[in-house]
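Numbering (the UniProt record's numbering), first residue to last: 1 to 191.
From the three backbone atoms N, C-alpha and C, an ideal C-beta is built for every residue, glycine too.
Quick notes on the structure that follows.
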Amino acid sequence: MIEIPSDLHKDLVPLAFLLGNWAGAGVHDFPGSEKCNFGQEVSFTHDGRDFLEYHSHTWVLDSEGNKVRPLETESGYWRIDADRKVEVTMVRDDGVVEVWYGEMAHKKPQIDIATDAVARTAASGPYSGGKRLYGYVKSDLMWVGEKQTPEVPLRPYMSAQLKKVVSPEDVERWAKALPDDLPDDGIAFFK
Numbered sequence: 001m002i003e004i005p006s007d008l009h010k011d012l013v014p015l016a017f018l019l020g021n022w023a024g025a026g027v028h029d030f031p032g033s034e035k036c037n038f039g040q041e042v043s044f045t046h047d048g049r050d051f052l053e054y055h056s057h058t059w060v061l062d063s064e065g066n067k068v069r070p071l072e073t074e075s076g077y078w079r080i081d082a083d084r085k086v087e088v089t090m091v092r093d094d095g096v097v098e099v100w101y102g103e104m105a106h107k108k109p110q111i112d113i114a115t116d117a118v119a120r121t122a123a124s125g126p127y128s129g130g131k132r133l134y135g136y137v138k139s140d141l142m143w144v145g146e147k148q149t150p151e152v153p154l155r156p157y158m159s160a161q162l163k164k165v166v167s168p169e170d171v172e173r174w175a176k177a178l179p180d181d182l183p184d185d186g187i188a189f190f191k
């Protein structure tokens, strides 16, 4: 269910499907790196201004799904304009700062972005840009990332399927919003 908070900045309504906390798993595979399954937690929040705040933490999973060690962490800010053009500023734990531009698909919750500018610290590994596709599919947040380095052309390297994390406060709010005339046995509700 996509909820649009009453205090969400009006320009961000098209991005409302991203809001909340998400968790799931995916696959990481890039030449020169360990191929692995990973877990991920993502949050998109807002404070009433014209951007979403973004945080993502990923970690390597073992064959039984247990956390082994951190993989990547990134934070950033997402904006969208009246023409559905999206801009993202992002900083990653490996010493990379990026500016991404793209657009939201027409009449569907899907965003396609690509790097426009990349800055790297001396400690970061080789990286020259990337592309990402985010989509809201059957109540899940799905994404795929592509990456390129001076040695490796642009290719997919990470993808994940994330489920919305529901808090006790969400359940309480939804319960209070239920109509007073629900049937007592629960079965009649479906008749």
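Quick one: grab the DSSP three-state call for P70.
Position 70 of the sequence shown, counting from 1, holds the residue named residue 70. In the structure shown, P70 sits in a strand (DSSP, three-state: E or B).
Can you give the Cα-Cα distance for V60 and E34, rounded to whole angstroms?
In the sequence shown, the residue the question calls residue 60 occupies position 60. In the sequence shown, the residue the question calls residue 34 occupies position 34. Using only the alpha carbons, I get a separation of about 10 Å.
To the nearest angstrom, report how far apart L19 and L12 are at their CA atoms.
Here residue 19 corresponds to residue number 19 of the sequence shown, with the count starting at 1. Here residue 12 corresponds to residue number 12 of the sequence shown, with the count starting at 1. The alpha-carbon atoms of L19 and L12 are separated by roughly 10 Å.
What is the residue span of the beta strand (DSSP E) that I111 lies within?
Here residue 111 refers to the residue found at position 111 when the sequence shown is read from its first residue. That run of the beta strand (DSSP E) goes Q110 to R120.
For Y157, report the span of its beta strand (DSSP E) as first-last.
Sequence index remark: in the sequence shown, residue 157 carries index 157 (1-based). Looking at the DSSP string, the run of the beta strand (DSSP E) that includes Y157 is R155 to K164.
Does D62 come out as helix, strand or coil in the three-state DSSP assignment?
The residue you call residue 62 lines up with position 62 of the sequence shown. Coil.
With 16 other CB atoms within 10 Å as the buried threshold, where does S6 fall?
Residue mapping note: residue 6 aligns to position 6 of the sequence shown, counting from 1. Exposed, because fewer than 16 other Cβ atoms sit within 10 Å of the Cβ of S6.
Compute the Euclidean distance between the alpha carbons of D116 and V97, then round it to the nearest angstrom.
Working through the sequence shown from its first residue, we reach residue 116 at position 116. Working through the sequence shown from its first residue, we reach residue 97 at position 97. In a straight line, the C-alpha of D116 is about 11 Å away from that of V97.
Do you know whose CA, among P70, E41 and T149, lies nearest G130's CA?
Working through the sequence shown from its first residue, we reach residue 130 at position 130. Nearest option by C-alpha distance: T149.
Under three-state DSSP, which class holds F30?
Here residue 30 refers to the residue found at position 30 of the sequence shown. Here F30 sits in coil by DSSP.
Express the C-alpha separation of A119 and D140 in angstroms, rounding to a whole number.
Indexing the sequence shown from 1 puts residue 140 at position 140. Indexing the sequence shown from 1 puts residue 119 at position 119. Each residue's Cα considered, the two are about 32 Å apart.
Evaluate G186 with the Cβ neighbour count: other Cβ atoms within 10 Å of its Cβ, from every protein chain shown; 16 or more gives buried, anything less gives exposed.
Here the question's residue 186 lines up with position 186 in the sequence shown. Reliability of the predicted coordinates at G186 is poor, the pLDDT of 49 falling under 50, and the value obtained from them is presented with this limitation in mind. It counts as exposed.
Return yes when the Cβ of Y54 is within less than 9 Å of the Cβ of E74, no when it is not.
Walking along the sequence shown from the start, residue 74 turns up at place 74. Walking along the sequence shown from the start, residue 54 turns up at place 54. Against a cut-off of 9 Å, the Cβ pair of Y54 and E74 comes out as a contact.
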